[in-house]
Amino acid sequence: MAKMMKPRFKTSRRLGVNICGHPKAMNRAGAAFDRSTRKLSNYGIQLLEKQKLRAYYNVMEKQFRRYVDIAMKSKGMTGEVLVQQLECRLDNLVYRLGMAQSIRQARQMVNHGHILLNQRKVTIPSHRVLPGDVISLNEKAQKIDHFTEFFSSMPTSPFNYLEKQSDQFTGRLTTIPSRDEIPVEVNDQLIVEFYSR
Numbered sequence: 001m002a003k004m005m006k007p008r009f010k011t012s013r014r015l016g017v018n019i020c021g022h023p024k025a026m027n028r029a030g031a032a033f034d035r036s037t038r039k040l041s042n043y044g045i046q047l048l049e050k051q052k053l054r055a056y057y058n059v060m061e062k063q064f065r066r067y068v069d070i071a072m073k074s075k076g077m078t079g080e081v082l083v084q085q086l087e088c089r090l091d092n093l094v095y096r097l098g099m100a101q102s103i104r105q106a107r108q109m110v111n112h113g114h115i116l117l118n119q120r121k122v123t124i125p126s127h128r129v130l131p132g133d134v135i136s137l138n139e140k141a142q143k144i145d146h147f148t149e150f151f152s153s154m155p156t157s158p159f160n161y162l163e164k165q166s167d168q169f170t171g172r173l174t175t176i177p178s179r180d181e182i183p184v185e186v187n188d189q190l191i192v193e194f195y196s197r
């Protein structure tokens, strides 16, 4: 399975946003990475927004294009639907629930079978999670201190669309998140324009 393995801090500085959530990711961002000193064409600005969104969710171009195609065929606003689809990926929600310290780690946990979805093992990181679905650590993972300590350090979820039960090592997607609830700094409309050419 192909995956993005570029240096996260370097990618964050190049894109101008902290895509990995690490507190030190933007420490060395100086004039060389300052967006205000670079003049970009309309195409360049649209491309940058697309690359930001791909980097946030650690998704390859081919897979990202499939999400765009589905969003364009949907009845809702294309940009909003696109971000909602990405937010509801299993690996992303494992990360948002605090079961992993990064999306990369969350993806690895899913691949290795540490994550259960509605009490069934799912090893596909891109699996779509629906409202009401319960995500949990399997019995083996509950015995690994690294996973349990990090999960228990945040007893409740800071996201309105997620419920968390730290004592049972489970979390649940309550509703499809609205666009303003999703903590991703991108201009959805520019991404739609990029693919509408």
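Counting along the sequence shown from 1, when you hit position 71 you're at 71 in the UniProt record's numbering, and nothing is skipped either side. Glycine residues also receive a C-beta, built at the ideal position from the N, C-alpha and C atoms.
- Remark: fewer than three beta-carbon pairs, one from each stretch, lie closer than 8 angstroms, so the segment 97-106 and the segment 63-83 are not flagged as touching.
- The C-beta distance from valine 83 to valine 184 rounds to 6 angstroms, short enough to fall under 8 angstroms.
- Here leucine 190 is actually not in contact with threonine 174; their C-beta atoms are around 30 angstroms apart, not less than 8 angstroms.
- Look at glycine 44 here: in three-state DSSP terms it is helix.
- Non-local C-beta neighbours of valine 129 in its own chain, meaning closer than 6 angstroms and more than five positions away in sequence, comprise Cys88, Leu90, Leu93, Leu173, ordered along the chain.
- The alpha-carbon separation between methionine 60 and glutamine 51 amounts to approximately 10 angstroms.
- Taking the Cα of alanine 106 as reference, the smallest distance to any Cα among Asp180, Ser136, Arg120, Gly79 is reached at Ser136.
- Excluding its 5 nearest sequence neighbours in each direction, threonine 170 has C-beta neighbours in its own chain below 6 angstroms: Val134, Ser136, listed in chain order.
- Beta-bridge annotation (DSSP): leucine 117 is paired with Arg120, Ile135.
- Distance check between aspartate 188 and each of Arg54, Lys39, Lys121 places Arg54 closest, using alpha-carbon atoms only.
- Annotated three-state conformation of leucine 173 is strand, per DSSP.
- In the structure shown, leucine 53 adopts helical secondary structure according to DSSP, grouped into three states.
- As the crow flies, the alpha-carbon of histidine 114 is around 14 angstroms from that of leucine 97.
- Proximity of the segment 144-163 to the segment 115-125 falls short of the contact definition, fewer than three beta-carbon pairs being nearer than 8 angstroms.
- With distances taken between CA atoms, serine 178 lies nearest to Gly76 out of Gly76, Met72, Arg197.
- Per DSSP, glutamate 185 is not a residue of any beta strand (DSSP E), being assigned neither H nor E.
- Just measuring C-alpha positions, the residue of Phe147, Glu139, Val186 sitting nearest glutamine 108 is Phe147.
- Burial check for threonine 78: the Cβ neighbour count within 10 Å reaches 16 or more, so the residue is buried.
- At a Cβ-Cβ threshold of 7 angstroms, valine 110 and proline 125 count as neighbours.
- Buried is the label assigned to glutamate 49, since at least 16 other Cβ atoms lie within 10 Å of its Cβ.
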